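Student: In terms of the working numbering, the sequence shown opens at residue 290 and continues consecutively.
Note that beta-carbon positions come from the ideal geometry of N, C-alpha and C, so glycine has one too.
Bear in mind that the values here come from a model prediction, so they are computed numbers and not experimental data.
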Amino acid sequence: MKKITAIYVRRSVSDKYKGNNSLSIDSQKADCIRYLENGGKLSKDSYRIYCDDGKSGKDIAHRPAFQQMMTDARSGLIDKIIVKKYDRFSRNMREYLNITDELDKYGVGVISLSEPFNTETKEGRMMRNNLLNFAEFERETIAARVADAYATRSTETGFYLGGCRHYGYTSERRVVNGKTGSVLVPSDRANVIQIAFEMYQKNGVSLKDVIDYFRENNIDTKFATNTGIHEVTVMDRGHLSQLLENPLYVRADVEVYKFLMAKGYHIVDDACAYDGIHGVFVHKDQEGGYFAKVGYHEGLVDSEVWLAVQDKKEHNYRFPNNGKSKSSWLVGLVKCAHCGYALNVYGRWNRTQTKRFRYYRDTGAYNASGCVSESLKTIRPDNLESIAYDAMKKRLETLTIMKNEQERPDTETENLKADIARMESEIRKLMDKLADADEVLFDYIQKRIKELHARKSDVEDKLNSRERRKKSIDTSPLAEPLAHWDELTVDEKHDVAVTMIDNIKVSDETGVDISFSI
């Protein structure tokens, strides 16, 4: 079987705009053919051109012509490969060496027109490897510059910078503040987002309920992927959950600003930029964290609705309704006061199998460190449910009275504000000591400031959540179920309980401590 010479030519997208004609596809082809002719006439069936136009040299996985050339080399069709420069072949040093090692096994040599040294000698191989190292360094430098440029643009502008498509929006080129860029505008699917938020904020409505509503009403929840080829069903529970958490859709105001700050996002804009109109982009920074930037696009959902959804999702995350609520309507809310682990309901039948007794078992007792208290608690689920029900009624009465009176700060809110003030004061004092600190003290102060910032963020999150709940609390939906408590199912009681109660801590020594979330 007669072997042929392969001519491999490649041009990346960036080469196209550098203005270097020597790297054009036609120029590479002409130079390689001229080398093979060497003053004589060349038969067209003695060589084959493999061309990858607009393909990066960082790897071979996305270069179809290169893949075909390697297949032909493995089949024994190729004698040697001609390239204009080694970096046309590959800019990845490790990958290049792997490929040339493989080609050596097939007896296929690689010849570069621009680097005329003999790679059969150790000196020649060293020169080739040095050139490839520089090519790989150049590629990584370009990639770093692109990443830096993207990070800079994402902090300086509210334009849509491309990438993933955002459901409910399309993009249009517009001029904002004298600059031209892409701005997200509501699409014909924007109403799907608005319906999802409005439905999910309500008590007792799950992600599945929202999805079922769309299906039952024949609401199209599909969108084209970035390739524009396939259709993807968006409204599975996982994707819907991500959409409901995205601040892109909120008409962000100062309350949203506080929420994002408490969550640990780096906030690019001042609070005044959160005008209750525009949505927020969340970008990942180069250190693995996240920062928030107010966009030029208008949000689709009011901040009160969006924040109510975030509170509900956070509460559901901490107290999942995992199907065990049938054992007790307080499932997921009851914790051991000593170790903080959940108390699970444990059932046991009497000897005649006519009556079932329920107990609380401390899961912390089975942890590696163990709990100081007994695994079985003295208080029974029946008694605790009765105590919780009475406390919920009293709490509702208190909320109703407070709603009718002039609003005044509660003790818990004032305590949270005092904690924040104390931590801010300690942080300022520690910052003042940094200038005069030696290396050991400097490390200690830095560690302490980091701990205080983390604690302060948690407390601010609780305070903001508490203030939002206090502003938006409506007791009417709770009054009806509590008035007809015995008529409710266990699951219905559970829904009311997780709406009102943050947690219940139980101890045989100190008794029952109920913390309300409203």
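#1: What are the start and end residues of the beta strand (DSSP E) that includes Arg645?
#2: Can you check which of these residues, Lys706, Val620, Val661 and Glu686, is closest to Leu673 by C-alpha distance?
#3: Rounded to the nearest angstrom, what separates Leu402 and Gly365 at their Cα positions?
#4: Would you kindly report the start and end of the unbroken beta strand (DSSP E) that includes Arg257?
#5: With H, G and I counted as helix, E and B as strand and the rest as coil, what does DSSP make of Ser313?
#6: Less than 8 Å between the beta carbons of Ser796 and Ser662, yes or no?
#7: With DSSP run on the structure shown, which of helix, strand or coil describes Glu520?
#8: From which residue to which residue does the beta strand (DSSP E) around Val569 run?
#9: According to DSSP, simplified to helix, strand and coil, what is Gly800?
#10: Can you pull the DSSP bridge partners for Phe731?
#11: From the DSSP output, read off the bridge partner residues of Phe548.
#12: Is the number of C-beta pairs between the stretch 542-562 and the stretch 495-504 that are closer than 8 Å three or more?
#13: Would you be able to state if there are at least three C-beta pairs under 8 Å between the stretch 534-548 and the stretch 558-575?
#14: Can the beta-carbon of Arg462 be found less than 8 Å from the beta-carbon of Thr469?
#15: Alpha carbon to alpha carbon, what distance is there between Lys373 and Arg337?
#16: Which partner residues does Val474 have in the DSSP bridge list?
#17: Check whether the Cβ atoms of Phe570 and Gly588 sit closer than 8 Å, and answer yes or no.
#18: Between Tyr456, Cys660, Pro670 and Phe448, which has its C-alpha nearest His586's C-alpha?
#19: For Asn611 and Ser714, I'd like the C-alpha separation in whole angstroms.
#20: Does the contact criterion of 3 or more C-beta pairs under 8 Å hold for the stretch 767-782 versus the stretch 477-491?
#21: Taking the continuous alpha helix (DSSP H) assigned at Glu701, which residues delimit it?
#22: Report buried or exposed for Thr510, applying the criterion of at least 16 other Cβ atoms within 10 angstroms of its Cβ.
#23: Using only CA atoms, which one of Ala726, Phe378, Glu487 and Lys602 lies nearest to Glu534?
#24: Spatial neighbours of Cys660 within its chain, please: C-beta separation below 8 Å, excluding the five flanking residues on both sides.
#25: Taking just the CA atoms, how far does Arg377 sit from Asp342?
#26: Does Pro536 pass the burial test, meaning 16 or more other C-beta atoms within 10 Å, or should it be called exposed?
#27: Work out the CA separation of Ala707 and Ala597 for me, nearest whole Å.
#28: Is the CB-CB distance between Phe486 and Val590 below 8 Å?
#29: Below 8 Å on the Cβ atoms is my guess for Leu752 versus Leu705; work out the distance and round it to an integer in Å.
#30: Please identify the residue among Ile367, Leu767 and Cys321 whose C-alpha is closest to the C-alpha of Lys682.
#31: Quick one, are the C-beta atoms of Leu665 and Thr764 less than 8 Å apart?
#32: Have a look at Ile296 and Asp574 and give me their C-alpha separation to the nearest angstrom.
#33: Alpha carbon to alpha carbon, how far is Val748 from His711? Give it in angstroms, no decimals.
#34: Would you grab the beta carbon distance between Val474 and Tyr458 for me? Rounded to a whole angstrom, and I think it's under 8 Å.
#35: Within the continuous alpha helix (DSSP H) that includes Tyr502, where are the two ends?
Tutor: In terms of the structure at hand:
#1: Taken as a continuous stretch (DSSP letters only), the beta strand (DSSP E) holding Arg645 covers Arg645 to Asp651.
#2: It is Val620 whose Cα lies nearest to the Cα of Leu673.
#3: When only Cα atoms are considered, Leu402 and Gly365 end up about 23 Å apart.
#4: The shown model of the chain, from 290 to 807, leaves out residue 257, and the question about it has no answer.
#5: Of the three classes helix, strand and coil, the one that applies to Ser313 here is coil, per DSSP.
#6: Taking 8 Å as the cut-off, the Cβ atoms of Ser796 and Ser662 count as close.
#7: Confidence at Glu520 is low in this model, with a pLDDT of 45, below 50, so its placement is unreliable and the value that follows should be read with caution. Under the three-state reduction of DSSP, Glu520 is assigned to strand.
#8: Its beta strand (DSSP E) spans residues His567 to Lys573.
#9: Three-state DSSP puts Gly800 in a strand.
#10: Within the DSSP secondary-structure output, Phe731 pairs in no beta bridge.
#11: Phe548 is not bridged to any residue.
#12: Two segments are said to touch when three or more pairs of C-beta atoms, one from each, lie closer than 8 Å; by this definition the stretch 542-562 does not touch the stretch 495-504.
#13: Yes, the stretch 558-575 is in contact with the stretch 534-548.
#14: A contact, by the Cβ cut-off of 8 Å.
#15: If I take the Cα positions, the gap works out to 15 Å.
#16: Per DSSP, the beta bridge partners of Val474 are Thr459.
#17: Not in contact: Phe570 and Gly588 (Cβ atoms no closer than 8 Å).
#18: The residue with the shortest Cα to Cα distance from His586 is Phe448.
#19: Low local confidence applies: a pLDDT of 46 at Asn611 is under 50, so the model's placement there is unreliable, with the coordinate-based value given in what follows. Taking the straight line joining both Cα atoms gives about 42 Å.
#20: Output reads no: the stretch 477-491 does not touch the stretch 767-782.
#21: Thr700 to Leu723 is the span of the alpha helix (DSSP H), which, as asked, contains Glu701.
#22: By the neighbour-count rule (16 or more Cβ atoms within 10 Å), Thr510 is buried.
#23: Glu534 has its Cα closest to that of Lys602, out of Ala726, Phe378, Glu487 and Lys602.
#24: For Cys660, where only same-chain residues beyond five positions count, the Cβ hits under 8 Å are Cys625, His627, Cys628, Tyr630, Asp651, Gly653 and Ala654.
#25: In a straight line, the C-alpha of Asp342 is about 11 Å away from that of Arg377.
#26: Classification of Pro536: buried, given that the 10 Å Cβ count is 16 or more.
#27: The alpha-carbon atoms of Ala597 and Ala707 are separated by roughly 25 Å.
#28: Cβ distance < 8 Å, so Phe486 and Val590 count as in contact.
#29: Separation of the CB atoms of Leu752 and Leu705 is rounded to 4 Å, and the pair is thereby assigned contact status at 8 Å.
#30: Relative to Lys682, the option among Ile367, Leu767 and Cys321 whose CA is nearest is Leu767.
#31: Result no, Cβ atoms of Leu665 and Thr764 do not sit closer than 8 Å.
#32: Going by C-alpha positions, Ile296 is about 42 Å away from Asp574.
#33: Per the sequence shown, residue 711 should be read as Arg rather than His. Spanning the alpha carbons of Arg711 and Val748 requires a straight line of approximately 12 Å.
#34: In this structure Val474 is in contact with Tyr458, their Cβ atoms being roughly 7 Å apart against a cut-off of 8 Å.
#35: First-last of the alpha helix (DSSP H) with Tyr502: Leu496 to Glu505.
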